[in-house]
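Asks: Quick note on numbering: the sequence shown equals residues 227 to 863 in my numbering.
We put the CB at the ideal spot given by N, CA and C, even for glycine.
This is the structure I have questions about; it appears just below.
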Amino acid sequence: MAGVEGFTEKMRIIEVLKRRKRRFFKSLVLALSVSLLTSLASTMGYFEGFEAKALDLLLWARGQIKSPEIVLVHIDDRAFRNLEEKQPLPRSYLASIIEVLAKSGAKVIAMDIEIKVKTNPREDELLLKAIQAASENGVTKVVPVYVIRPEKEDDGKVLYSRTSFFSPKLNPVAGFANAPIDPDGFVRQMPLAVRGADGKVLPSLALAVLARYAGYDSARLEEALNQEEEIALLLPEWDKFQGRLLPQVTPLSFRFDDIWKINFAGAQGSFMAIPSDPVASLSKQNLSLAADNPFRGKIVLVGATFGESRDFFPTPQGLMSGVEIHANIIHTILSRSQILGAQRWVALSLSLLFALVISVLLSLFRPVMVTILGFVAIPLLLIPLSYLAFARLGIWVDFVTPLLAIRLGGLVGDLLERKHIRKSLGQYVDREVADQIVQQEESLSGQKRVVSVFFTDIRDYTTLCEGSPPEKVVGILNELFAMMTQVISRHHGMINDFIGDAVMAVFGATKNNPDHAMDAVETALEVQEGLARLNEEWKNRGYQPIRIGVGIHTGEVIAGIIGSEGRKKFTFTGDTVNTASRVEGLNKEFSTGTLITRETLEAVNEKFNVRRCGEVKVKGRDKPVEVFEVLGPEPVP
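What follows is the structure, given as structure tokens:
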């Protein structure tokens, strides 16, 4: 005997392992398909918005980075009011700022204010002289800005024209200010250079500033930019690990159409900023700053921050003035801290790895549980790793695609399981009830619920089987069960099981059926009426009439998916189920057709004609059960 039990247990284990193996491979195919699909979608740019926001989050989490080599001079609202809100800004005012910065020993003076039209000749002359005077080795340290506009396309690439300066005498190192705007309106990236309509490469303001810092004049920079597709410049470098400027310039290689993701040092105000009025006033008073002034040896950017300038843009670090955005671009190039996107194969590899892990989990747990686990455990692992790669190495490891793959895989798996459950339920209940049960997701994993349980059984079934051929018995059962199924479904009931000649049904399987007890009792009456009609038909065929007993009890059950791996079903368990079954069996004792309990009678507000049969001790319950025979649809007056 022990040997037989051991063999049976071994076969059961083998069967379970086979089922899990089948489920694992199904899950693996699903997970790999979803991973490849999401990776392809990411490569095609469908997730760019999500990825940009994720990178914004990492920038915010990293916090502020110091960049002491860059100082800003803000022409703010106060200065604008003092200038009587004149636009363009008076050239004499800009000349005063340049004069003071040059005398203070600024290494480079970047003017993030477009100077393209002539104004008052005297004013223009003052600005021209200030720019020319701010020179080093005969080359001005002032780097003006210009604007580029798309002009035409060459082999699919846009070529640009540029605005000119107010004076033909000037040929300084200069750069364009335009930064591309992402679809969501944010500034996150900047081209280092673009190709002009005349075929020459035009540098960005940030690149021009650092080139001038390294000693390039306009002719030498133009020559360097137009040598090859691959451009190499010797530029200053800030060692972000040692926190100092390296004593020598280092090579920076890039293509003219490279677009760098800006590694923002922080929110607005991350750089030292000084109002322009105090600076300009030093020129009027013919005063000079001390030798250790904040401008000496620094890159100084002069820009408009007054409201009327409208030179503000959304960034990952909040709304930021244009001059501060350029400071962040200079910081990114100076510290060689451009945000490098990891190769697509990294995200794909992560997705495939997680696909394998999730396939194992799906073979053990329900998809909804795996989805929850995936959105808790995997982000807790992946996001910190992505943050470390970003904060330490400046590498953006895409965690969006793997997470979307997990989410999509979980949703697809859950939909497939719901489809399977809906198909299983559809054999016993109408589609509406099946859909309602599946939509109430918590009921699938287990939930307590008050329902009315309906049991029916054929009286003298053994006699029927012994006195009739098998095909006749099966035919009678099929006709009887077909009638019962129609009646039960019509009253929003759910057939939970066929057990030989017995049927178990549940009313109230969905939350939106408060009249489940009424439905159950009405079903019992209609089933008895339907049986009477069937008996008339069977009598004409020469069959003996049959009788059935119905028992109904209302109470709390546990509803959910129950069973072993590979053989699960949505069912109901608990004392209410056992009591309903026992009550149905009492029909033999009382010679009745339909019995209900006190709980069911109270649930229907005594709206049926019943006869009290008494209190009966049933197996499994300490207290006796009070039962009533249902005689008809109307109570006795």
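Can you grab the Cα-Cα spacing for the pair Glu668 / Gly775, in whole Å?
Replies: Taking the sequence shown and counting its residues from 1, the one referred to as residue 668 is at position 442. Taking the sequence shown and counting its residues from 1, the one referred to as residue 775 is at position 549. With a pLDDT of 48 at Glu668, under the threshold of 50, the modelled position of that residue is not reliable, and no figure is offered here.
Asks: For Arg808, does the count of other Cβ atoms within 10 angstroms reach 16, so buried, or fall short, so exposed?
Replies: Taking the first residue of the sequence shown as position 1, residue 808 is located at position 582. By the 10 Å Cβ count, Arg808 comes out buried.
Asks: If distances are taken between C-alpha atoms only, which option among Leu579, Glu762, Asp350 comes closest to Ser318?
Replies: Residue 318 sits at position 92 when you count from the first residue of the sequence shown. Taking only the C-alpha atoms, the option nearest Ser318 is Asp350.
Asks: Assuming contact is defined by CB atoms lying nearer than 8 Å, are Ile559 and Ala432 in contact in what I supplied?
Replies: Position 333 of the sequence shown, counted from the first residue, corresponds to residue 559. Position 206 of the sequence shown, counted from the first residue, corresponds to residue 432. It is a contact, given that the beta carbons lie within the stated cut-off.
Asks: My assumption, with CB atoms under 8 Å, is that Pro314 sits in contact with Thr345. Please give the rounded CB distance.
Replies: Within the sequence shown, the letter at position 88 stands for residue 314. Within the sequence shown, the letter at position 119 stands for residue 345. Going by Cβ atoms, the distance from Pro314 to Thr345 rounds to 6 Å, so yes, they are a contact pair.
Asks: Could you give the residue range of the alpha helix (DSSP H) that holds Asn804?
Replies: Taking the first residue of the sequence shown as position 1, residue 804 is located at position 578. Looking at the DSSP string, the run of the alpha helix (DSSP H) that includes Asn804 is 801–811.
Asks: Where do the N-terminal and C-terminal ends of the alpha helix (DSSP H) with Leu496 fall, by residue?
Replies: Here residue 496 refers to the residue found at position 270 of the sequence shown. The question names Leu, but residue 496 is Ser in the sequence shown. First-last for Ser496: undefined, no H or E at that position.
Asks: Thinking just about the alpha-carbon of each residue, which of Gly781, Glu295, Leu634 is nearest to the one in Thr805?
Replies: As a working mapping, residue 805 is identified with position 579 in the sequence shown. Nearest option by C-alpha distance: Gly781.
Asks: Under the three-state reduction of DSSP, which class applies to Glu668: helix, strand or coil?
Replies: By 1-based counting over the sequence shown, the position of residue 668 is 442. Caution is warranted here: a pLDDT of 48 is assigned to Glu668, below 50, making its placement in the model unreliable, and the coordinate value is therefore given only provisionally. In the structure shown, Glu668 sits in a helix (DSSP, three-state: H, G or I).
Asks: Check Leu460 in the structure and name its three-state DSSP category.
Replies: Within the sequence shown, residue 460 is the residue found at index 234, counting from 1. Three-state DSSP puts Leu460 in a strand.
Asks: Please work out which residues of its chain come closer than 8 Å, Cβ to Cβ, to Gly840, disregarding the five sequence neighbours upstream and downstream, and give them in chain order.
Replies: Start at 1 with the first residue of the sequence shown, and residue 840 comes out as number 614. Hits under 8 Å: Glu852, Val853.
Asks: How long is the line joining the alpha carbons of Glu311 and Asp303, rounded to whole angstroms?
Replies: Within the sequence shown, residue 311 is the residue found at index 85, counting from 1. Within the sequence shown, residue 303 is the residue found at index 77, counting from 1. Distance between the alpha carbons of Glu311 and Asp303 is about 9 Å.
Asks: Tell me Glu782's beta-bridge partners as DSSP assigns them.
Replies: To locate residue 782, count along the sequence shown from 1; it is residue 556. For Glu782, which the question treats as bridged, DSSP gives the partners Val676.
Asks: Determine the direct distance from the alpha carbon of Val297 to that of Ile324, and round the result to whole angstroms.
Replies: If you number the sequence shown from 1, residue 324 lands on position 98. If you number the sequence shown from 1, residue 297 lands on position 71. Rounded to whole angstroms, Ile324 to Val297 spans 14 Å at the Cα level.
Asks: To the nearest angstrom, how far is it from the Cα of Thr366 to the Cα of Ala440?
Replies: For the purposes of this step, residue 366 is identified with residue 140 of the sequence shown, where counting begins at 1. For the purposes of this step, residue 440 is identified with residue 214 of the sequence shown, where counting begins at 1. Cα to Cα, the separation comes out at about 13 Å.
Asks: By the 10 Å Cβ neighbour count, where 16 or more other Cβ atoms means buried, how is Pro771 classified, buried or exposed?
Replies: For the purposes of this step, residue 771 is identified with residue 545 of the sequence shown, where counting begins at 1. Its Cβ having fewer than 16 others within 10 Å, Pro771 is exposed.
Asks: Please give the ranges of any alpha helix (DSSP H) in the segment 309–379, keeping only runs that are unbroken, at least 4 residues long and fully inside the region.
Replies: Those alpha helix (DSSP H) runs which fall completely within the segment 309–379 and span 4+ residues are 317–329, 347–359.
Asks: Take every Cβ of the segment 713–721, pair it with every Cβ of the segment 740–747, and state whether three or more of those distances are shorter than 8 Å.
Replies: Touching, yes.
Asks: Using 10 angstroms around the beta-carbon of Gly819, count the other beta-carbons present and answer buried if the total reaches 16, otherwise exposed.
Replies: The residue you call residue 819 lines up with position 593 of the sequence shown. With 16 or more Cβ atoms within 10 Å of its Cβ, Gly819 is classed as buried.
Asks: Write down the C-beta distance between Leu527 and Asp338 rounded to the nearest angstrom, noting that I regard them as a contact closer than 8 Å.
Replies: Walking along the sequence shown from the start, residue 527 turns up at place 301. Walking along the sequence shown from the start, residue 338 turns up at place 112. So it is a contact: roughly 6 Å between Cβ atoms.
Asks: Give the C-beta separation of Leu566 and Gly492 to the nearest angstrom, bearing in mind that I take them to be a contact with Cβ-Cβ under 8 Å.
Replies: For the purposes of this step, residue 566 is taken as residue 340 along the sequence shown, with counting starting at 1. For the purposes of this step, residue 492 is taken as residue 266 along the sequence shown, with counting starting at 1. With a Cβ gap of about 20 Å, Leu566 and Gly492 do not count as contacting.
Asks: For Phe402, decide whether its Cβ has a neighbour in chain B, counting only Cβ atoms nearer than 8 Å.
Replies: The displayed structure is made up of one protein chain only, and chain B is not part of it.
Asks: Hey, out of Arg767, Ala450, Asn761, Lys698, whose CA is closest to Arg773's CA?
Replies: Within the sequence shown, numbered from 1, the residue matching residue 773 stands at position 547. Minimum Cα distance to Arg773 is reached at Asn761.
Asks: What does DSSP give as the partner residue(s) for Thr682 in the beta ladder?
Replies: Walking along the sequence shown from the start, residue 682 turns up at place 456. Thr682 pairs with Val729, Val776.
Asks: Quick one: measure Cβ to Cβ for Met710 and Val729, integer angstroms, because I've assumed they're closer than 8 Å.
Replies: In the sequence shown, counting from the first residue as 1, residue 710 sits at position 484. In the sequence shown, counting from the first residue as 1, residue 729 sits at position 503. With a Cβ gap of about 6 Å, Met710 and Val729 count as contacting.
Asks: Quick check on the DSSP output: the alpha helix (DSSP H) that includes Val753 runs from which residue to which?
Replies: Walking along the sequence shown from the start, residue 753 turns up at place 527. 742–766 is the span of the alpha helix (DSSP H), which, as asked, contains Val753.
Asks: Work out the CA separation of Val583 and Asp704 for me, nearest whole Å.
Replies: Here residue 704 refers to the residue found at position 478 when the sequence shown is read from its first residue. Here residue 583 refers to the residue found at position 357 when the sequence shown is read from its first residue. Note on identity: in this sequence residue 704 is Asn, with Asp being the wrong assignment. So the two alpha carbons sit approximately 46 Å from each other.
Asks: In the DSSP assignment, find the unbroken beta strand (DSSP E) run with Gln415 in it and report its ends.
Replies: Sequence index remark: in the sequence shown, residue 415 carries index 189 (1-based). Gln415 -> beta strand (DSSP E) spans 415–417.
Asks: Give the secondary structure of Arg536 by DSSP, where H, G and I count as helix, E and B as strand, and everything else as coil.
Replies: Within the sequence shown, the letter at position 310 stands for residue 536. Arg536 falls in the coil class under three-state DSSP.
Asks: Is it the case that the segment 620–630 contacts the segment 279–293, given that we only count it when at least three CB pairs across the two stretches are under 8 Å?
Replies: At 8 Å Cβ cutoff, the stretches touch.
Asks: May I have the straight-line CA-CA distance separating Leu821 from Val255, to the nearest angstrom?
Replies: Here the question's residue 821 lines up with position 595 in the sequence shown. Here the question's residue 255 lines up with position 29 in the sequence shown. Cα-Cα distance, rounded: 52 Å.
Asks: Give me the Cα-Cα distance between Gly719 and Ser612, rounded to the nearest whole angstrom.
Replies: Taking the sequence shown and counting its residues from 1, one reaches residue 719 at position 493. Taking the sequence shown and counting its residues from 1, one reaches residue 612 at position 386. Straight-line Cα distance between these residues: approximately 52 Å.
Asks: At which residues does the beta strand (DSSP E) containing Ala530 begin and terminate?
Replies: Numbered from 1 along the sequence shown, position 304 holds the residue referred to as residue 530. Here the beta strand (DSSP E) through Ala530 covers 525–530.
Asks: Roughly how many whole angstroms lie between the Cα atoms of Gly529 and Gly495?
Replies: For the purposes of this step, residue 529 is taken as the residue at position 303 of the sequence shown. For the purposes of this step, residue 495 is taken as the residue at position 269 of the sequence shown. Between Gly529 and Gly495, the C-alpha separation is close to 14 Å.
Asks: Taking only three categories from DSSP, how would you classify Asn704?
Replies: Residue numbering aside, residue 704 sits at position 478 when the sequence shown is read from its first letter. Reduced to three states, the DSSP call for Asn704 is helix.
Asks: Grouping DSSP H, G and I as helix and E and B as strand, with all else coil, what is Phe276?
Replies: In the sequence shown, residue 276 corresponds to position 50, counting from 1. DSSP places Phe276 in helix when its eight states are reduced to three.
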